[in-house]
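Peer 1:
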């Protein structure tokens, strides 16, 4: 690890690196030992997935085919919901823009009205 020159910062970086490495190791061990995911273990043992590839795989890539299809389905549903949310936002944005312009005009009129009252009060005193 490259030193930053600050001993406290270097210590924190070292602790974070060890923690993240430990989490990654636990994820790999869990997925290889998972009885619902025998394909990953078989692919590693037969050399279809190399050790270098295994340590760089994302958690989703290590999952079983059933898990990956479920994950893909969840992502598609989330994408669909987000697209619908954005469409409804686009439809309402013109209304919001008009409301914003109107509220800004009312704000300016209020300031002018209050200012005119203040000027009258100053002139009358």
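In UniProt numbering, the protein residues as written are 1 to 125.
In this text, a Cβ means the ideal position worked out from N, Cα and C, and glycines have one as well.
Keep in mind it's a predicted model, so treat the numbers as computed, not measured.
According to DSSP, is residue 63 helix, strand or coil?
Peer 2: Looking at residue 63 - three-state DSSP - the assignment turns out to be coil, as it is neither helix nor strand.
Peer 1: Can you list, in chain order, the stretches of the alpha helix (DSSP H) that have 4 or more residues and sit fully within the UniProt domain "TFIIS central" (1-90)?
Peer 2: Listed in chain order, the complete alpha helix (DSSP H) runs (minimum 4 residues) inside the UniProt domain "TFIIS central" (1-90) are 7-33, 38-46, 51-56, 59-62.
Peer 1: Beta-carbon separation of residue 84 and residue 63 under 9 Å?
Peer 2: Against a cut-off of 9 Å, the Cβ pair of residue 63 and residue 84 comes out as no contact.
Peer 1: Rounding to the nearest angstrom, what Cα-Cα distance links residue 86 and residue 72 in this structure?
Peer 2: If you take the alpha carbons of residue 86 and residue 72, they lie about 21 Å apart.
Peer 1: If contacts are defined as beta-carbon pairs under 8 Å, then residue 55 and residue 28 qualify, I think. What distance do you get, rounded to the angstrom?
Peer 2: With 8 Å as the limit, residue 55 and residue 28 qualify as a contact, their Cβ atoms being about 7 Å apart.
Peer 1: Here's the rule I'm using: 16 or more other beta-carbon atoms within 10 Å means buried, otherwise exposed. How should residue 16 be labelled?
Peer 2: Label assigned to residue 16: exposed.
Peer 1: Would you decide whether residue 45 is buried or exposed? Buried here means 16 or more other CB atoms lie within 10 Å of its CB.
Peer 2: By the 10 Å Cβ count, residue 45 comes out exposed.
Peer 1: Roughly how many angstroms separate the alpha carbons of residue 43 and residue 50, rounded to a whole number?
Peer 2: So the two alpha carbons sit approximately 9 Å from each other.
Peer 1: What is the rounded straight-line gap between the Cα of residue 204 and the Cα of residue 110?
Peer 2: In the structure as shown, the chain starts at 1 and stops at 125, and residue 204 therefore has no counterpart that could be examined.
Peer 1: Look at the alpha carbon of residue 33 and the alpha carbon of residue 9, and state the distance between them as a whole number of angstroms.
Peer 2: About 36 Å.
Peer 1: Could you check the C-alpha separation between residue 18 and residue 48 for me, to the nearest Å?
Peer 2: Taking the straight line joining both Cα atoms gives about 28 Å.
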